[in-house]
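Visitor: Residue numbers (the numbering used here), protein chains in the order written: chain A, 1250 to 1429; chain B, 2 to 377. Glycine residues also receive a C-beta, built at the ideal position from the N, C-alpha and C atoms. What follows is a single structure, and I will ask about it in a moment.
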């Protein structure tokens, strides 16, 4: 079972990240579970989501304490205590950041993508969840672009939203592949 | 067709297929996604129901009673303070024997204010005369809504029914749900044919005063209806299996209990975590008794499940202050075994495998002394 924790700030889409990832992984044939951790529902406040992806049915319903991946939507959260706690020894941090932040994630395998720039350019807003989904897909190969697009189509009714989100997934996916 | 959807949406989907005529509803976290999705269905013409956006939960359940008395199939949903605000009216729904179906996204009651899951809202309505079903998964929630209409509207029962899902920890979870073909589901739920209804052409009186010489008979009939509900549920379980060609859950569900000497009893989503721990630890000596129907309490099924056990642990997500876990009290009344009490998951506190292992440990070690522990 792969366990993914996504941390962000209210409004950046951590909850939708888990939802889209779970639907995409489901179309790959996995059992999935996406669970939000709602705090105070306010823009800017730290928010969190959990995704489980497994070849077998998932029974456990507690939160994720030892993630295989931590996806960070706002690099400012890297210095918040406990954000990376419990990360498995071979675990990976995928973070949205302008430049490498090697100090705050010392000793942890990490990958940095400037998703904010992509989101601002494509979307006009710092909503980076779908961009980070592309990075996750490139890094893990757990879910194909095709199935993430399917998840986006299911989630959004608006054709323009669908197009923009798919494009963000594709751009970070490709950018990330170059890095790996 | 299998899809990954949110439990709240799975509930709304089941409601769409049950085709209620009237949905009086008031939004309250964490039930809101159910109401929102139903509003979408009505706006998109996928559900031809009259959605009444009332000004409070007290009005929501009052309107539900009025509509049900007029012979309509009714659905509503609420949580926490909303359910508490309905309190006095809940008894009228059950006393009038109106088969209203209501989803509860279980949430703590204030104070301190808290939007997260525990069972104190629905457990506080234990004695309101409503059937209460608790669900572990999105699939179970979907199936239970369909099942609830079959039970509530059965003429041997005619009782309002709550379908309870843990707020956030189940209501907001996305997972696989097998959604059956629309026609097949509609055929299963069938049409509501009220025994009596308010109809100007054939007038009846509903809810007149019950003098001391008749009131007790009404109440006795409600108790009998609850007993009948157990038999009706057993029959309906078989019908469900036959109709959908897949398993249904039973009044209780046992897991790993065949050779067990110890059992843990719980309701709701935590049962999944307990199953996970049992599976991972390969403990043959411990089993799970998942209680699905809290009201009526399936006493005979529980007693049968207790046979051969040495001790029981009960996990409660609600407290009767001054006398401990509510479910614990009820199990204690059914068994002479040592029954340990664990209060857990109040106000959304996560229940982890570590908590479950602690309960296992205490149950196996404490031979004589019953423990009452808050799993924090």
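DSSP has residue 1300 of chain A in a bridge; who is on the other side?
Guide: Position 51 of the first chain, counted from the start, is the residue given in the question as residue 1300 of chain A. According to DSSP, which records beta bridges pairwise, residue 1300 of chain A is partnered with A:1253, A:1283.
Visitor: Who are the near neighbours of residue 1312 of chain A in its chain, counting only those whose CB is closer than 8 angstroms to its CB and skipping five residues on each side?
Guide: Within the first chain, residue 1312 of chain A is the residue found at index 63, counting from 1. Closer than 8 angstroms at Cβ, skipping near neighbours: 1284, 1286, 1299.
Visitor: Listed in chain order, which residues of the segment 1265 to 1293 of chain A have Cβ atoms closer than 7 angstroms to some Cβ of chain B?
Guide: 1268, 1271, 1272, 1275, 1280, 1281, 1282, 1283, 1284, 1285, 1287
Visitor: State yes or no: is the beta carbon of residue 79 of chain B nearer than 7 angstroms to at least one beta carbon in chain A?
Guide: As a working mapping, residue 79 of chain B is identified with position 78 in the second chain. Output row for residue 79 of chain B: interface = no.
Visitor: Please determine if the segment 328 to 338 of chain B and the segment 351 to 361 of chain B are in contact, where contact requires at least 3 C-beta pairs separated by less than 8 angstroms.
Guide: Segments in contact, no.
Visitor: Taking contact to mean at least 3 C-beta pairs separated by less than 8 angstroms, is the segment 105 to 121 of chain B in contact with the segment 138 to 149 of chain B?
Guide: no
Visitor: Hey, is residue 173 of chain B's beta-carbon within less than 7 angstroms of any beta-carbon in chain A?
Guide: The residue you call residue 173 of chain B lines up with position 172 of the second chain. Output row for residue 173 of chain B: interface = yes.
Visitor: Examine the Cβ distances between the segment 150 to 166 of chain B and the segment 186 to 200 of chain B and report whether three or more of them are shorter than 8 angstroms.
Guide: yes
Visitor: How many angstroms separate the CA atom of residue 176 of chain B from the CA atom of residue 5 of chain B?
Guide: As a working mapping, residue 176 of chain B is identified with position 175 in the second chain. As a working mapping, residue 5 of chain B is identified with position 4 in the second chain. Looking at the two C-alpha atoms, the distance is approximately 5 angstroms.
Visitor: Which bits of chain A does residue 352 of chain B rub up against, with CB to CB less than 9 angstroms?
Guide: Residue mapping note: residue 352 of chain B aligns to position 351 of the second chain, counting from 1. Within chain A, the residues whose beta carbon sits less than 9 angstroms from that of residue 352 of chain B are 1310, 1311, listed in sequence order.
Visitor: Reducing DSSP to helix, strand and coil, say where residue 272 of chain B ends up.
Guide: Counting from 1 along the second chain, the entry for residue 272 of chain B is found at position 271. Three-state result, residue 272 of chain B: helix.
Visitor: Is it a yes or a no for the segment 283 to 291 of chain B touching the segment 235 to 249 of chain B, going by three-plus beta-carbon pairs under 8 angstroms?
Guide: no
Visitor: When DSSP builds the beta bridges, which residues end up paired with residue 1359 of chain A?
Guide: Locating residue 1359 of chain A in the first chain gives position 110, where the first residue counts as 1. The partner list for residue 1359 of chain A (beta bridge, DSSP) reads A:1342.
Visitor: Given that residue 280 of chain B touches chain A, what residues does it touch there, using C-beta distances under 8 angstroms?
Guide: To locate residue 280 of chain B, count along the second chain from 1; it is residue 279. Correct list: 1308.
Visitor: List, in chain order, every chain A residue whose beta-carbon is nearer than 8 angstroms to that of residue 8 of chain B.
Guide: Counting from 1 along the second chain, the entry for residue 8 of chain B is found at position 7. Under the 8 angstroms cutoff, chain A gives no residues; its nearest Cβ is about 10 angstroms from residue 8 of chain B.
Visitor: Residue 273 of chain B versus chain A: which residues are under 7 angstroms apart at the beta carbon?
Guide: Numbered from its first residue, the second chain carries residue 273 of chain B at position 272. Scanning chain A for C-beta atoms nearer than 7 angstroms to the C-beta of residue 273 of chain B yields 1308, 1309, 1310, reported in chain order.
Visitor: Which of the three DSSP states is assigned to residue 354 of chain B in this structure?
Guide: Position 353 of the second chain, counting from 1, holds the residue named residue 354 of chain B. Helix.
Visitor: Distance cutoff 7 angstroms, beta carbons only. Does residue 276 of chain B sit that close to anything in chain A?
Guide: Here residue 276 of chain B refers to the residue found at position 275 of the second chain. So, interface residue.
Visitor: What are the start and end residues of the alpha helix (DSSP H) that includes residue 1396 of chain A?
Guide: Translated into the one-based positions of the first chain, residue 1396 of chain A becomes position 147. Here the alpha helix (DSSP H) through residue 1396 of chain A covers 1394 to 1404.
Visitor: To the nearest angstrom, report how far apart residue 84 of chain B and residue 331 of chain B are at their CA atoms.
Guide: Numbered from its first residue, the second chain carries residue 84 of chain B at position 83. Numbered from its first residue, the second chain carries residue 331 of chain B at position 330. Using only the alpha carbons, I get a separation of about 22 angstroms.
Visitor: So, under 8 angstroms CB-CB, residue 245 of chain B and residue 183 of chain B are touching, yes? Tell me the CB distance rounded to an integer number of Å.
Guide: To locate residue 245 of chain B, count along the second chain from 1; it is residue 244. To locate residue 183 of chain B, count along the second chain from 1; it is residue 182. Rounded, the Cβ-Cβ distance is 13 angstroms, inconsistent with contact.
Visitor: Whose CA, out of B:302, B:322, B:317, lies closest to the CA of residue 329 of chain B?
Guide: Along the second chain, one-based indexing puts residue 329 of chain B at 328. The shortest Cα separation from residue 329 of chain B among B:302, B:322, B:317 belongs to B:317.
Visitor: Starting from the beta carbon of residue 5 of chain B, find every residue of chain A whose beta carbon is closer than 7 angstroms, and list them in chain order.
Guide: Taking the second chain and counting its residues from 1, the one referred to as residue 5 of chain B is at position 4. In chain order: 1271, 1272, 1275, 1281.
Visitor: In the DSSP assignment, find the unbroken beta strand (DSSP E) run with residue 154 of chain B in it and report its ends.
Guide: Along the second chain, read from residue 1 onward, the residue named residue 154 of chain B stands at position 153. Run containing residue 154 of chain B: none; DSSP gives neither H nor E here.
Visitor: Under 7 angstroms between C-beta atoms, does residue 270 of chain B make it to chain A?
Guide: Counting from one through the second chain, the residue named residue 270 of chain B turns up at place 269. Judged by the 7 angstroms Cβ criterion, residue 270 of chain B is in contact with chain A.
Visitor: If you draw a straight line from the alpha carbon of residue 285 of chain B to that of residue 361 of chain B, how long is it in whole angstroms?
Guide: Locating residue 285 of chain B in the second chain gives position 284, where the first residue counts as 1. Locating residue 361 of chain B in the second chain gives position 360, where the first residue counts as 1. Distance between the alpha carbons of residue 285 of chain B and residue 361 of chain B is about 12 angstroms.
Visitor: Is there contact between the segment 1273 to 1280 of chain A and the segment 1386 to 1395 of chain A, where contact requires at least three CB pairs shorter than 8 angstroms?
Guide: These segments touch.
Visitor: Flag this pair as yes or no: are the beta carbons of residue 1268 of chain A and residue 1307 of chain A separated by less than 7 angstroms?
Guide: As a working mapping, residue 1268 of chain A is identified with position 19 in the first chain. As a working mapping, residue 1307 of chain A is identified with position 58 in the first chain. No, these two residues do not count as a Cβ contact at 7 angstroms.
Visitor: Considering only C-alpha positions, which residue in the set B:257, B:211, B:71 is nearest to residue 203 of chain B?
Guide: Taking the second chain and counting its residues from 1, the one referred to as residue 203 of chain B is at position 202. Ranking B:257, B:211, B:71 by Cα distance to residue 203 of chain B puts B:71 first.
Visitor: Run down chain A in chain order and give the residues with a C-beta less than 9 angstroms from the C-beta of residue 283 of chain B.
Guide: Numbered from its first residue, the second chain carries residue 283 of chain B at position 282. Those do not exist, as residue 283 of chain B stays about 14 angstroms from chain A at its closest Cβ, beyond 9 angstroms.
Visitor: So which residues of chain A does residue 42 of chain B contact, with C-beta pairs closer than 8 angstroms?
Guide: As a first step, residue 42 of chain B is located in the second chain; it is residue number 41 there, counting from the start. Against chain A, the beta carbon of residue 42 of chain B has no neighbour under 8 angstroms; the closest one sits roughly 14 angstroms away.
Visitor: Is it true that the CB of residue 1378 of chain A sits closer than 7 angstroms to the CB of residue 1262 of chain A?
Guide: One-based indexing of the first chain puts residue 1262 of chain A at position 13. One-based indexing of the first chain puts residue 1378 of chain A at position 129. Yes.
Visitor: Could you tell me if residue 206 of chain B is buried or exposed, where buried requires 16 or more neighbouring beta carbons within 10 angstroms of its beta carbon?
Guide: As a position in the second chain, residue 206 of chain B is number 205, starting the count at 1. Classification for residue 206 of chain B: exposed.
Visitor: Which first and last residues belong to the beta strand (DSSP E) in which residue 3 of chain B is found?
Guide: Within the second chain, the letter at position 2 stands for residue 3 of chain B. Unbroken beta strand (DSSP E) run through residue 3 of chain B: 3 to 7.
Visitor: Do you know how far the Cα of residue 270 of chain B is from the Cα of residue 294 of chain B?
Guide: Along the second chain, one-based indexing puts residue 294 of chain B at 293. Along the second chain, one-based indexing puts residue 270 of chain B at 269. Roughly 14 angstroms between the two C-alpha positions.
Visitor: Relative to chain A, which residues along the segment 139 to 162 of chain B have a C-beta separation below 8 angstroms, given in chain order?
Guide: none
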